[in-house]
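Under the UniProt record's numbering, the residues of the sequence shown are numbered 1 to 144, in order.
The structure appears below as structure tokens.
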Amino acid sequence: MAYKQIVAAAILDSLSAPSKLLAARRTSPPMLAGLWEFPGGKLEPGENCEAGVRRELAEELGVQVVLGSEVFGPVPEGWVLNESAAMRVWFAEISDGTPDTLEDHDQLAWVDLDEAALATLDWIPADLPIVHAVLADTLAGATR
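So this is what it looks like as structure tokens:
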């Protein structure tokens with residue numbers, strides 16, 4: 001099955017010594033409004049995944065990032081979101097700018113990288129397996 005490719009970032013306070021993750025609360029569509037996610041979006045025609053992540057973060061949050069390793073999902077397209085879309089996710093660290101809610105989000109939160117803190121947010125259900133993988137990878141030191 002061919003999935004529509006979505007890209008996103010698990011933005012950390014530091015790729016080398018991560019302690020916090022930036023989560024973003026969606027404003028739309030209505031069924032996802034108020035839920036938390038990894039910032040990102042759809043690829044543009046002809047765009048590669050890494051360029052798409054950088055563009056999406058600049059548009060949505062107003063930041064430039066350095067990408068770290070990929071948070072690998074169970075399919076080549078990354079993590080299955082629904083019957084038609086899958087998302088590849090990279091660790092990232094902000095290299096320029098201060099994150100702001102420019103598009104698609106009404107709130108941002110730096111959350112401690114531990115199970116209890118991450119569980120306080122109402123994540124989009126499809127993102128929950130990615131949250132657990134991000135936590136496991138950061139504990140294993142696999143962010144760079």
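Backbone N, C-alpha and C define an ideal beta-carbon position, used for all residues, glycine too.
Just so it is clear, the structure is predicted and the values come from calculations on it, not from any experiment.
Coil, strand or helix - residue i by DSSP
{"i": "ILE6", "result": "strand"}
{"i": "GLU70", "result": "strand"}
{"i": "LEU35", "result": "coil"}
{"i": "LEU135", "result": "helix"}
{"i": "ILE130", "result": "helix"}
{"i": "LEU118", "result": "helix"}
Limits of the unbroken alpha helix (DSSP H) element including residue i
{"i": "GLY97", "result": "No alpha helix (DSSP H) holds GLY97; DSSP gives it neither H nor E."}
{"i": "GLY52", "result": "49-61"}
Range of the contiguous beta strand (DSSP E) that encloses residue i
{"i": "ASP106", "result": "105-112"}
{"i": "LEU22", "result": "20-26"}
{"i": "GLY40", "result": "40-42"}
Residue from the options with nearest C-alpha to residue i
{"i": "LEU113", "options": "THR143, GLU77 and PRO30", "result": "THR143"}
{"i": "LYS42", "options": "GLU59, LEU35, LEU32 and TRP36", "result": "GLU59"}
{"i": "VAL7", "options": "TRP123, LEU57 and SER95", "result": "LEU57"}
{"i": "MET31", "options": "ASN48, SER14, SER16 and ALA126", "result": "ALA126"}
{"i": "VAL80", "options": "THR138, ALA33 and PRO129", "result": "PRO129"}
{"i": "residue 158", "options": "TRP90, GLY34, GLU115 and TRP123", "result": "The structure shown does not extend to residue 158, since the chain is modelled only from 1 to 144, so the question has no answer here."}
{"i": "TRP123", "options": "ASN82, PRO74 and TRP36", "result": "TRP36"}
{"i": "LEU12", "options": "ALA92, ASN48, ASN82 and SER84", "result": "ALA92"}
{"i": "residue 149", "options": "LEU15, GLU47 and ASP104", "result": "Because the chain spans 1 through 144 in this model, residue 149 falls outside it and cannot be assessed."}
Same chain, Cβ closer than 7 Å to residue i, five either side skipped, listed in chain order
{"i": "GLU77", "result": "TYR3, GLN5, ALA86 and ARG88"}
{"i": "VAL111", "result": "LYS20, LEU21, ALA23, ALA117, LEU118 and LEU121"}
{"i": "LEU61", "result": "PRO39, PRO99, ASP100 and LEU102"}
{"i": "LEU135", "result": "LEU113, GLU115 and LEU118"}
Chain-order list of residues whose beta-carbon lies under 8 Å from that of residue i (same chain, five-residue window excluded)
{"i": "GLN107", "result": "ALA24, ARG25 and THR101"}
{"i": "GLN64", "result": "ARG54, LEU57, ALA58, ILE94, SER95, ASP96 and GLY97"}
{"i": "GLU44", "result": "GLY52 and ARG55"}
Cβ shell of residue i (< 6 Å), same chain only, five flanking positions each side left out
{"i": "THR138", "result": "PRO18 and LEU113"}
{"i": "ALA109", "result": "ALA23"}
Exercise. With a cut-off of 8 Å, do at least 3 Cβ pairs link the segment 58-74 to the segment 128-144?
Worked result: yes
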